[in-house]
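Read the structure below first, then the notes.
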Amino acid sequence: MADRIDPDIAFGRTLGFIDNPLDRLSGERDDPARVAGFRSQPMAVSLVLAGDAVVFASTGSPWLPLAEAESLDTVEHSTFLGLGDGRAHFATALVATASERLAVRDGFRVLNLRAVAAEGLVSNDDLGVLAQAKAVTHWHRQHGFCSKCGTRTVVAGAGWRRECPACETHHFPRTDPVVIMLATDGERCLLGRQASFPPGMVSCLAGFLEPGESVEDAVRRELGEEAGITTGYVTYLGSQPWPFPASIMLGCHAEATSTDIRIDAHELEDARWFSRAETQALLRGDHPDGLTCPPSMAIAHHLMRAWAFAGEP
Ligand SMILES: [Zn+2]
């Protein structure tokens, strides 16, 4: 069984998108007077998204006064994200083409969220709220029509629901679960690489959870399909919102019960067993062959660290 780990040490400090200080007040989204009150706060602020891009003000902050955010370009919809220190926080979604117009306007920067996270341009708290805003905004853009009857849907619930005026079906934002796992065999762990990875980078294996499937079975199935190994005991360690476009990563360890690797060439370019010392070198960034692993903002890094340095301070 995997060692128990202190979540503050393993997941709380550097993992991206997990800190979100807002009180979402989900029970008040259907109270029009309350939502109108939040909107009319003079100090209400908003993130601005244009398509999948995040718009930054000249201050370097992604937060603008709500009224200013909604005057920048054509607004598609607005979502109430929650209250922070008594202040209402919103996400304003502009039409996607606004990103090109704002990119050339003085005082604005238009960035994709991966770059914002990778370059550490915002606090961990803001990164978590950006994940919330980007995921729900993406959902709106992809679900403009009723999946039951095809009629254009309308925004309700302060941005957390779409309703069909024809058949009255309610549609809610979706999150797609992905299992990501480190298979271990005593003093070795399994790491692989996809052709799309940066050169030399190896990581944990991952795949989408399917309908009607437990997390444990998804972990075992993906390891079987991608690497040809069988696994037994699965331990859940933690999760990470991953708004590309709307996933939640469910991080696990899995104990291997067979070790001969047979990769699925459609999924992986390579996979092999790495010793604990080698994995520690990957995490430190001094692997003798120059191999690398994902940075500490990604859950794969922490799944590797929790195993490679288990029991060490
Ligand atoms: Zn409908």
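Quick note on numbering: the sequence shown equals residues 167 to 479 in my numbering.
Each residue gets a CB set at the ideal place from its N, CA and C atoms; glycine is no exception.
It should be emphasised that the depicted structure is a prediction, and the values quoted were computed from it without experimental measurement.
- [ ] Inspect the beta-carbon positions of L181 and Q406 and report whether they are closer than 8 angstroms.
- [x] yes
Open item on the list: With distance defined between alpha-carbon atoms, name the residue in S441, A472, P365, L213 nearest to L357.
Closed with: S441
Open item on the list: Considering Cα atoms alone, identify which of V295, R340, V201 is closest to H309.
Closed with: R340
Open item on the list: Just to confirm the assignment, what range does the beta strand (DSSP E) spanning T401 have?
Closed with: 397-408
TODO: Pull up the CB-CB distance for L296 and V214, whole angstroms please, since I reckon it's below 8 angstroms.
DONE: Rounded, the Cβ-Cβ distance is 11 angstroms, inconsistent with contact.
TODO: Compute the minimum distance between the beta carbon of A332 and the heavy atoms of ligand 1, and state whether it is under 7 angstroms.
DONE: yes
TODO: Could you tell me which of A431, A210, A216 sits nearest to E234, measuring between CA atoms?
DONE: A210
Task: Proximity winner among F475, G248, A259, F222, relative to T240 (alpha-carbon distances) - done: A259
TODO: Any chance you could list the alpha helix (DSSP H) runs of at least 4 consecutive residues sitting entirely within the stretch 243-293, in chain order?
DONE: 264-269, 279-284
Task: Where the alpha helix (DSSP H) through W473 begins and ends - done: 465-474
Task: Own chain residues within Cβ distance below 8 angstroms of T319, not counting five before or after - done: H309, G310, F311, C312, R328, E329, C330, P331, H337
Open item on the list: On the DSSP letters alone, give me the boundaries of the beta strand (DSSP E) that T350 sits inside.
Closed with: 342-351
Open item on the list: Here's the rule I'm using: 16 or more other beta-carbon atoms within 10 Å means buried, otherwise exposed. How should C315 be labelled?
Closed with: exposed
Open item on the list: In whole angstroms, give me the CA-to-CA distance for S227 and E194.
Closed with: 27 angstroms
- [ ] Quick one: grab the DSSP three-state call for H453.
- [x] coil
Open item on the list: Can you give me the C-alpha to C-alpha distance between V282 and G451, rounded to a whole angstrom?
Closed with: 22 angstroms
Task: Beta-carbon gap between M470 and L287 smaller than 8 angstroms - done: no
Task: Distance CB(A299)-CB(A257) smaller than 8 angstroms - done: yes
Open item on the list: Less than 7 angstroms separating the Cβ of K300 from some heavy atom of ligand 1?
Closed with: no
- [ ] Compute every distance between the C-beta of T423 and the non-hydrogen atoms of ligand 1, then say whether any falls below 7 angstroms.
- [x] no
Task: Exposure of I175, with buried meaning 16 or more beta-carbon neighbours within 10 Å - done: Low per-residue confidence applies at I175: pLDDT is 45, beneath 50, and the placement is therefore not dependable enough to give any value.
Task: Separation of R359 from D383, as counted between CA atoms - done: 22 angstroms
Open item on the list: DSSP three-state label for T303, please.
Closed with: helix
Task: Among R280, G417, N186, E388, nearest to P409 - alpha-carbon criterion - done: R280
- [ ] Give every residue of the same chain whose Cβ lies closer than 8 angstroms to the Cβ of E388, excluding the five residues on either side of it in the sequence, and list them in chain order.
- [x] V345, M347, L371, A372, G373
TODO: Tell whether a beta-carbon distance below 8 angstroms holds between G390 and I429.
DONE: no
Task: Range covered by the alpha helix (DSSP H) that runs through G323 - done: Note, G323: premise wrong, no alpha helix (DSSP H); not H, not E.
Open item on the list: Within a Cβ cutoff of 7 angstroms, which residues of the same chain sit near D292, ignoring the five residues on either side of it in sequence?
Closed with: P228
Task: Residues that DSSP places opposite M415 in a beta bridge - done: V344, Q406
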